[in-house]
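Residue numbers (the UniProt record's numbering): 1 to 308.
Note that beta-carbon positions come from the ideal geometry of N, C-alpha and C, so glycine has one too.
In this text, all values refer to a predicted model and were calculated from it rather than measured experimentally.
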């Protein structure tokens, strides 16, 4: 067996207006735009990557912002919420900050944690989870002070019609079931970031529909050495993984798990600084070399996106 999965590598969602998306994630949430590229499967749309100073695995929230995207519907077969980790003592800062930005929030207790729920401008559900053991991380320079900055992912919630097959897959990936309350079951890995996957079994809920405000896929961290073995494991679980795909900044294997959620197994290497200096991340449109000869065509089809 390959080594256990330590947690989430990145989460990718569908947005609409790329300018509004950029403003919200950098100015309101204080994340850094660490890579400005295109969806390699549809070069007519940006692929925007946000994260800590260097876009470390476990911190990177990414988007395909289609300007003509219709609103999706969050439901079963999807990641129904994405949770960020914030330091203990930052709750009031974030509720005030989101309120000042016109974002409604709700606060609840869950498995001993304080959880602040909100939605982004496209309606994508997010949570902030306060933890005393949040790592110091490498926060970016920006509008949020380091002591309150988002550290990376806490985890995701999966909405499923039937939970057990996905629960078994998570156990195979190295997650342990640690708690349960009502329809929610918690699974945890041993990583510092993105180590929680909650499963909510909701057989009566509507099926999710892709569109703006929904998660496209959840990517988990692995290594180049382990990735081929994980592909074999997925096949052994009755899934249909893709071949290993070079995404320039990481290599990926995709498989739709039993409940319908698209999982990705992505490598840490080589990272976002393979083609840009750390201080210049996100400042220009970066294309993998196999798309570089189409740059003029690609740039002409994209809306203007300024970071000034």
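- Residue 18 carries a helical assignment under DSSP once its states are collapsed to helix, strand and coil.
- The DSSP-derived three-state label of residue 250 is coil.
- Nearest to residue 275 by C-alpha distance, out of 250, 266, 39, is 250.
- The C-alpha of residue 141 lies about 44 Å from the C-alpha of residue 204.
- With a contact defined as Cβ atoms closer than 8 Å, residue 217 and residue 263 qualify at about 7 Å.
- Listed as beta-bridge partners of residue 209 by DSSP are 73.
- Partner residues in the beta bridge of residue 198, as assigned by DSSP, are 157, 186.
- The Cβ atoms of residue 122 and residue 51 do not sit closer than 8 Å to each other.
- Around residue 239, the same chain offers 255 as residues with beta carbons nearer than 6 Å, after the five sequence neighbours per side are excluded.
- Taking all protein chains shown into account, residue 235 has fewer than 16 neighbouring C-beta atoms within 10 Å of its C-beta and is therefore exposed.
- Rounded to the nearest angstrom, the gap between the Cα atoms of residue 241 and residue 6 is 20 Å.
- Residue environment analysis places residue 127 among the buried positions, since at least 16 neighbouring C-beta atoms fall within 10 angstroms of its C-beta.
- About 6 Å separates the beta carbon of residue 220 from that of residue 265, a gap short enough to meet the 8 Å contact definition.
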